[in-house]
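Engineer:
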Amino acid sequence: MTAQIKGGRRRAPPAILTAPAILVGAAMIIPVFYLLLRATEGDPATVVSLVVRGRTAELMANTAALVAGVLALTTLIAGPLAWLTTRTALAGRGLATLLVTLPLAVPGYVMAYSLIGMSGHYGFMNQVFGWSLPRPEGWLGATLALGLYTFPYVFLNLRVALSTLDPSLEESARALGCTPRQVFTRVTLPHLRPSLFASWLVVGLYTIGDFGAVALMRYEVFSYALYTQYVAAYDRIYAAWIALILVAIAVSVIWWEGRLREGTHYARTGVGTGAARRLVELGPAGQVAAWGFVTLVALAAVGLPIAVLAFWLSAEPVLPSLPVLGRAFWQSVSVAVPSAILAAMLALPVAVLAVRYPSPLSRLINRLAFVGYAVPPIAFALAFVFLSLSTARFLYQSHILLILAYSLAFLALALGPIRSALYLARPSLEEAARSLGYRPLGVLRHVTFPLIRRSLISGMVLVFVIAMKELPIAFLLAPTGFRSLAITMFSRTSEGMLVDAAPYAAAIILFSGLFVGVVLRQEGRHD
Amino acid sequence: MTDDHPATAARPLLSVHHLVRHFPTAAGAAVNGASFDVAEGEIVALLGPSGCGKTTTLRLVGGFERPDSGTVLLRGRDITALAPERRGIGFVFQDYALFPHLSVAANVGFGLRGRPASEVRARVAEMLEMVGLANLADRMPHQLSGGQQQRVALARTLALAPPLVLLDEPFSNLDAAMRLETRQEVRALLKRAGSAAILVTHDQEEALALADRVAVMQAGQILQIDAPAAVYRSPTSEFVAGFLGRSNILEGEARGNWAETPLGRVGIDRSAEGHVRLAVRPEQISLSAAEGAGGNGVITGREFRGHDQVYWVRTADIDVMALIGPNDIYPIGTRVRLATSEPVVLLGRG
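Chains as they are written, first to last, in full-length UniProt numbering: chain A, 1 to 527; chain B, 1 to 350.
#1: Could you compute how far the alpha carbon of A:Tyr438 sits from the alpha carbon of B:Ala196?
#2: Just how far apart, CA to CA, sit A:Thr273 and A:Leu387?
#3: Counting only the same chain and skipping the five closest in sequence on each side, list residues whose C-beta sits under 6 Å from that of B:Val165.
#4: Which bits of chain A does B:Pro84 rub up against, with CB to CB less than 8 Å?
#5: Any C-beta of chain B within less than 9 Å: which residues of the segment 440-452 of chain A qualify?
#6: Which full runs of the beta strand (DSSP E) of 3+ residues lie inside the segment 240-266 of chain B, going along the chain?
#7: Among B:Gly76, B:Ala219, B:Ala81, B:Gly306, which has the Cα closest to the Cα of B:Glu65?
#8: Cutting at 7 Å between CB atoms, please list the residues of its own chain near A:Val271, excluding the five before and the five after it.
#9: Answer yes or no: do residue 432 of chain B and B:Gly33 have a C-beta to C-beta separation smaller than 9 Å?
#10: Report yes if the C-beta distance between A:Ser195 and A:Leu158 is below 9 Å; otherwise report no.
#11: Tell me, please, whether the CB atom of B:Asp203 is closer than 9 Å to any CB atom in chain A?
#12: Could you spell out where the beta strand (DSSP E) holding B:Thr201 opens and where it closes?
#13: Evaluate the contact criterion for the segment 446-464 of chain A versus the segment 337-355 of chain A: three or more CB pairs, one atom per stretch, below 8 Å.
#14: In this structure, what does DSSP give as the bridge partners for B:Gly297?
#15: With DSSP as the reference, please indicate the residues paired to B:Leu74 in a beta bridge.
#16: Assuming A:Leu133 and A:Met118 form a contact by the criterion Cβ under 8 Å, report the distance between their Cβ atoms to the nearest whole angstrom.
#17: Report the residue from B:Phe93, B:Val231, B:Cys52, B:Glu273 whose alpha carbon sits nearest the alpha carbon of A:Ala432.
#18: With contact counted as at least three CB pairs below 8 Å, one residue from each stretch, are the segment 74-93 of chain A and the segment 470-489 of chain A in contact?
#19: Could you tell me the distance, in whole angstroms, from the CA atom of B:Leu74 to the CA atom of A:Arg445?
#20: Alpha carbons only, please: which of A:Leu353, A:Ile378, A:Phe380 is nearest the one belonging to A:Arg367?
#21: With a cut-off of 8 Å on the beta carbons, I'd call A:Gly141 and A:Tyr219 a contact; round off their distance for me.
#22: Please name the residue or residues paired with A:Phe511 in a DSSP beta bridge.
#23: Taking the straight line between their C-alpha atoms, what separation do you get for B:Gln143 and B:Val104?
#24: Can you tell me where the beta strand (DSSP E) holding B:Arg87 begins and where it ends?
#25: Report the residue from B:Arg270, B:Ile285, B:Gly256, B:Ala209 whose alpha carbon sits nearest the alpha carbon of B:Ile249.
#26: Taking a contact to mean a Cβ-Cβ separation below 9 Å, would you say B:Val280 touches B:Val266 in this structure?
#27: Of all Cβ atoms in chain A, is any one closer than 9 Å to the Cβ of B:Asp317?
#28: Between A:Ala45 and A:Val385, what straight-line distance do the alpha-carbon atoms span, to the nearest angstrom?
#29: Identify whether B:Leu167 lies in helix, strand or coil by the three-state DSSP scheme.
#30: Let me see if you follow: with CB-CB separation under 9 Å, is A:Ser428 close to chain B or not?
#31: Could you list which residues in chain A have their beta carbon closer than 7 Å to that of B:Asp95, in chain order?
#32: Among the residues of its own chain, which have a CB less than 6 Å from the CB of residue 530 of chain A, if the five just before and after it don't count?
#33: So, is the C-beta of B:Thr80 closer than 9 Å to a C-beta in chain A?
#34: Taking A:Gly25 as the reference, which of A:Arg426, A:Arg453, A:Val371, A:Ile508 has the closest Cα?
#35: Roughly how far, in whole angstroms, is the beta-carbon of A:Leu216 from the beta-carbon of A:Tyr113, given that I think they are within contact range, below 8 Å?
#36: Counting Cβ pairs closer than 8 Å, one from the segment 51-66 of chain B and one from the segment 223-239 of chain B, do we hit at least three?
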C-alpha cells in the first residue's frame with residue numbers, strides 16, 4: 001500500500017535534473033578542496049610553528065567565549081519573550097511579537113556601529129543626555145552586538161515550538177499529578193529542545209562566521225584574524241589554516257547539534273485537533289512587568305540604532321552624499337539580484353531531486369547544498385579566492401565569481417521554501433497530470449511550477465535581501481571599484497567616520513526590514 | 001488465476017500476465033505473479049487486506065511503476081514499458097489529486113489541451129452536467145466537499161473518454177453515509193460513459209456491491225476472481241471464505257456428496273472422500289431448541305441486532321457462529337440442535 005513511498009528504483013530522475021544538481025554539489029566542495037590544497041603548500045615545519053602556538057589557543061578561547069556569550073544572551077532574551085507571547089494573556093501580543101522580531105533588520109555590524117556611535121565624547125548619549133559612556137569593545141561589545149541582532153531567530157523558533165505543542169499533553173501531565181512547574185520541566189522543556197538546538201545552531205554558526213561586528217569591536221576571534229592575515233599581512237598559508245580551523249569548528253558544531261538532537265524528534269501521535277490552549281493570566285503587575293521587558297529589549301535592539309542613526313544623520317546634511325549612496329546601492333543590487341535568481345535556479349533541481357527522487361545520491365547532494373551555508377562566509381570566500389587564482393585567474397575579483405559565491409552560500413535559504421512547497425504538492429498531482437496525457441516537462445510547467453512559484457519567489461527575496469547586506473564575502477571577493485552599501489558602511493565606521501557611515505547604515509536597516517517582512521509573513525502561516 | 005468468465009471470452013480490453021514487482025526495501029514481492037483480464041466496459045474490484053499488493057498492481061497497470069517481469073496488454077498491444085501519459089488509461093487517486101491552483105472547470109478540462117477552446121468548453125460543461133456539478137464550475141477545489149471533489153476527479157478522468165479507468169480506494173476519504181450514496185452513483189457514471197474500470201478496495205461490501213467481478217488478492221497474488229455472488233458463495237480457499245464475510249471453518253470426513261462434521265451430517269457442494277475442510281456461512285446454520293440433554297450444542301453468546309441475531313454455539317470442542325432471524329430467542333446456556341440449510345462449501349482436503 002505504501003509502495004510509492006518505499007520505491008527506490010521506480011523511475012530514474014531525468015538527466016535535466018541530475019546534471020545541474022551534481023554540479024551544485026561539486027561546486028560546494030571544490031572550493032573547500034582548494035583551501036586544503038593551499039594550506040598544505042607551506043613546508044610542514046613552518047605550518048606547525050604557525051598553527052601550534054599560543055595565539056591559536058587564544059583565538060580559540062575567544063571564539064568559544066563569544067559563542068557561549070551570544071547563545072546565553074539570546075536564550076535569556078528570547079525564552080521569556082517566546083513564553084510571554086504564546087502562553088500568557090499579555091495584552092497586545094501581536095505588537096510585542098512584531099517589536100521583538102524587528103531587530104532582525106539591524107545586522108550585527110550596524111548594531112556594533114550604534115553601540116559605538118552611542119558612546120564617547122561626541123557620542124549620542126553624551127550629546128543628548130550628558131552621559132559619556134566608554135566605547136564598547138572586546139567580548140562584551142561583540143556579544144551585545146551579535147546577541148541583540150540574532151535573538152529573534154531563537155525567539156521565532158521557540159515560539160513555533162511553544163504554540164504547536166499539543167495542549168492535551170500538558171493537561172495530561174497535570175491530570176497525572178504534576179505541578180505546573182513539573183509540567184514545564186518534564187513535558188514542555190523536553191519538547192522545546194529540538195527547536196532550541198536548531199536555533200542555537202543558526203546563531204552559533206552565524207557568530208563563528210561573523211566578521212563585521214567582531215572587527216568593529218576589535219575582538220580577536222578566528223574570522224577577524226583571518227581577515228587581518230589576508231588583508232594586512234597577506235599571509236595566505238596561515239589564512240588558509242585559519243579558514244580550515246573555522247570550517248572544522250563549524251563541522252563540529254553541526255555534529256554536536258546532530259548528536260544533541262538525536263532521538264528528540266517528536267511528532268504528534270494522536271488524532272483529532274487539539275483543544276484551544278488556556279492562557280496564563282498575568283494580572284496588572286505582571287502585564288506592566290512583561291511590557292517593561294518587551295520595551296527594554298525593543299529599545300536596546302531597535303530603538304537605540306534608530307536613535308543613534310538619527311543623531312548622526314542630523315549632524316550633517318545628507319543630500320550631498322545621496323549620489324554616492326545611490327551608486328553603492330546600485331552596486332549592491334547589481335550583485336544581489338543575479339545571485340538571488342541563480343540561487344533559486346540552482347536550488348530547484350536539488351529540491352526536486354531530494355523530494356521526488358529519494359536516493360543516496362540525492363540525499364548526498366541535498367547535504368552538500370548546505371555546505372555554503374554552514375562554512376563561515378569568510379572561509380568560504382577565501383576558498384573561492386584560491387580556486388579562482390589556481391584555475392581561472394580571469395574570474396578573480398570579477399562580478400561573476402562574487403555572484404557565484406553568493407548563490408552557493410545562500411542556496412540553502414532558497415532551498416528551504418522550495419522543498420517545503422514540493423512536499424506539500426502531493427506526488428499524486430503530478431501523476432494525475434501524467435494520466436491525463438502530459439509528458440514530464442509538461443507536468444513541471446503546468447502543475448509543479450504553478451504550485452511552487454510563490455515559494456520560489458520568497459526564496460529569491462530571502463537571498464536578495466541577505467546578499468544586499470552581506471559583508472565578509474563581498475570584502476574578500478570584491479571586484480576592483482566595487483563599493484557595496486555594507487563595504488562602504490563598514491570601512492567608514494572602522495576608520496571612525498561615523499557621520500559618513502550613517503546614511504549607509506540607514507539604507508541597510510531599511511532593506512533588512514524587507515527581510516523581517518518576509519520572515520514575519522512565514523511566521524504568520526504558523527499561527 | 002484467470003477465469004473463463006463469459007465476458008472475457010472475446011478479446012479482453014486489458015490483459016495482465018504474471019506481473020511481478022519487488023521493492024528494494026521490502027522482503028517479499030509486492031506483486032507476485034498476478035494475472036487477470038478486464039473486458040470492455042467491465043468493472044473489476046481488486047479486493048484484499050492492506051499490503052496485499054492491490055495498489056501496486058493498479059499502479060503497474062497505470063504505468064506509475066515498472067514491473068520486474070510480466071506484461072500488460074491493452075486491446076492486444078503491449079504497453080508494459082509505455083509512459084503513463086501514453087497509455088490512455090484514466091486514474092482516479094485516493095486523494096483525488098485535484099490541482100489546487102485551478103478551478104473546477106480548468107481541472108476537468110486539464111487533459112483536453114490542444115483541442116479548440118469551444119470544444120473544450122462544451123466537453124467540460126457536458127462532464128460537469130453528467131456529475132451534477134454544472135453550477136460549481138468556477139469554484140476552487142478547496143471550496144468543495146469530499147464527495148464533490150471526487151466527482152470532479154471522475155469528470156476530469158472521464159472527459160478524455162478513456163477505455164479503462166483505475167480507481168484507488170475511491171471511497172476511503174468519504175464518511176460512511178456518503179460512501180453508500182456515492183457507490184451506485186460512480187457505478188452508474190462509469191457504465192454510462194462506457195468505460196471499464198479497475199477499483200482497488202479493502203472493503204468487501206464495497207467490492208461486492210460495485211463490481212461485475214471481484215478479484216481477491218493476498219500476498220501479491222490473485223486467489224480467486226469471479227462474479228460477486230460466486231466469490232461469496234463458493235470461495236476456493238479459507239482466506240477468501242474469511243475475507244468475504246464471516247465463515248465457520250469445519251473439519252469433517254467426506255463420503256461422496258455429504259460429510260460427517262461436528263454439526264452432524266451436512267451436504268457438500270461437490271463430492272469428495274476422506275478428511276476435508278469446509279466453509280459454512282453463519283446464515284447457512286439453523287438452530288432449534290433441544291429437549292433435555294439432547295441437541296448438539298450449547299449457546300455461549302448472543303447479540304441481538306434488530307433485523308437478525310448472532311449466536312455463538314459451542315459444539316464438540318469448537319465454537320460456531322450462526323445468524324438467524326429475530327423471532328426465536330435462545331438464552332445463554334440453552335441446548336440447541338444445529339443444522340445446515342444448504343450444501344456447504346468444500347475448501348479442500350484437510
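Glycine included, C-beta positions come from ideal geometry on N, C-alpha and C. Small disclaimer: the values here were computed from a predicted structure and weren't measured.
Structural biologist: Answer, in terms of the structure:
#1: Counting from one through the first sequence, the residue named residue 438 of chain A turns up at place 438. Counting from one through the second sequence, the residue named residue 196 of chain B turns up at place 196. Cα to Cα, A:Tyr438 sits roughly 22 Å from B:Ala196.
#2: Here the question's residue 273 of chain A lines up with position 273 in the first sequence. Here the question's residue 387 of chain A lines up with position 387 in the first sequence. With a pLDDT of only 46 at A:Thr273, under 50, the local geometry of the prediction cannot be trusted, and no value is derived from it.
#3: Here the question's residue 165 of chain B lines up with position 165 in the second sequence. So the list reads Gly90, Thr157, Ser195, Ala197, once near-sequence residues are dropped.
#4: Counting from 1 along the second sequence, the entry for residue 84 of chain B is found at position 84. By Cβ distance, chain A contributes Glu431, Arg434, Ser435.
#5: Pro440, Gly442, Val443, His446, Val447, Pro450, Leu451
#6: 248-261
#7: Residue numbering aside, residue 65 of chain B sits at position 65 when the second sequence is read from its first letter. Of the candidates B:Gly76, B:Ala219, B:Ala81, B:Gly306, the one whose C-alpha sits nearest the C-alpha of B:Glu65 is B:Ala81.
#8: Taking the first sequence and counting its residues from 1, the one referred to as residue 271 of chain A is at position 271. Any reading at A:Val271 must be qualified, since the residue scores a pLDDT of 43, below 50, and its modelled position is unreliable; no value is offered.
#9: The structure shown does not extend to residue 432 of chain B, since chain B is modelled only from 1 to 350, so the question has no answer here.
#10: To locate residue 195 of chain A, count along the first sequence from 1; it is residue 195. To locate residue 158 of chain A, count along the first sequence from 1; it is residue 158. Going by C-beta atoms, A:Ser195 is nearer than 9 Å to A:Leu158.
#11: The sequence position of residue 203 of chain B within the second sequence is 203, counting from 1. It does not; no Cβ of chain A falls within 9 Å.
#12: One-based indexing of the second sequence puts residue 201 of chain B at position 201. Here the beta strand (DSSP E) through B:Thr201 covers 196-201.
#13: yes
#14: Stepping through the second sequence from its first residue, residue 297 of chain B is reached at position 297. Partner(s): B:Val336.
#15: One-based indexing of the second sequence puts residue 74 of chain B at position 74. In the DSSP output, where bridge partners are listed per residue, B:Leu74 has B:Leu14, B:Arg77.
#16: Looking up residue 133 of chain A in the first sequence gives position 133. Looking up residue 118 of chain A in the first sequence gives position 118. The Cβ separation is near 7 Å, so the contact holds.
#17: For the purposes of this step, residue 432 of chain A is taken as residue 432 along the first sequence, with counting starting at 1. Checking every option, the nearest Cα to that of A:Ala432 belongs to B:Phe93.
#18: no
#19: Residue mapping note: residue 74 of chain B aligns to position 74 of the second sequence, counting from 1. Residue mapping note: residue 445 of chain A aligns to position 445 of the first sequence, counting from 1. The straight-line gap from Cα to Cα measures roughly 29 Å.
#20: Your numbering for residue 367 of chain A matches position 367 in the first sequence. Selected option, being the one with the closest Cα: A:Leu353.
#21: Within the first sequence, residue 141 of chain A is the residue found at index 141, counting from 1. Within the first sequence, residue 219 of chain A is the residue found at index 219, counting from 1. Contact holds; Cβ gap of about 7 Å.
#22: Translated into the one-based positions of the first sequence, residue 511 of chain A becomes position 511. None; A:Phe511 has no bridge partner.
#23: Numbered from its first residue, the second sequence carries residue 143 of chain B at position 143. Numbered from its first residue, the second sequence carries residue 104 of chain B at position 104. Near 10 Å, if we compare the C-alpha coordinates of B:Val104 and B:Gln143.
#24: One-based indexing of the second sequence puts residue 87 of chain B at position 87. Unbroken run through B:Arg87: none, as it is neither H nor E.
#25: As a working note, residue 249 of chain B is residue 249 in the second sequence. Ranking the options by Cα distance to B:Ile249, first place goes to B:Ile285.
#26: Translated into the one-based positions of the second sequence, residue 280 of chain B becomes position 280. Translated into the one-based positions of the second sequence, residue 266 of chain B becomes position 266. Closer than 9 Å, so yes.
#27: Position 317 of the second sequence holds residue 317 of chain B. No, B:Asp317 does not count as interfacial toward chain A.
#28: Position 45 of the first sequence, counted from the first residue, corresponds to residue 45 of chain A. Position 385 of the first sequence, counted from the first residue, corresponds to residue 385 of chain A. If I take the Cα positions, the gap works out to 25 Å.
#29: Indexing the second sequence from 1 puts residue 167 of chain B at position 167. Here B:Leu167 sits in strand by DSSP.
#30: Taking the first sequence and counting its residues from 1, one reaches residue 428 of chain A at position 428. For A:Ser428, the answer is yes, since a Cβ of chain B falls inside 9 Å of its Cβ.
#31: The residue you call residue 95 of chain B lines up with position 95 of the second sequence. Going along chain A in sequence order, the residues near B:Asp95 (Cβ under 7 Å) are Arg426, Ser428.
#32: Since the first residue of chain A shown is 1 and the last is 527, residue 530 of chain A is not available in this structure.
#33: Here the question's residue 80 of chain B lines up with position 80 in the second sequence. By this cut-off, B:Thr80 is not an interface position.
#34: For this step, residue 25 of chain A is matched to residue 25 along the first sequence. Comparing Cα positions, the closest option is A:Val371.
#35: The residue you call residue 216 of chain A lines up with position 216 of the first sequence. The residue you call residue 113 of chain A lines up with position 113 of the first sequence. The Cβ separation is near 7 Å, so the contact holds.
#36: no
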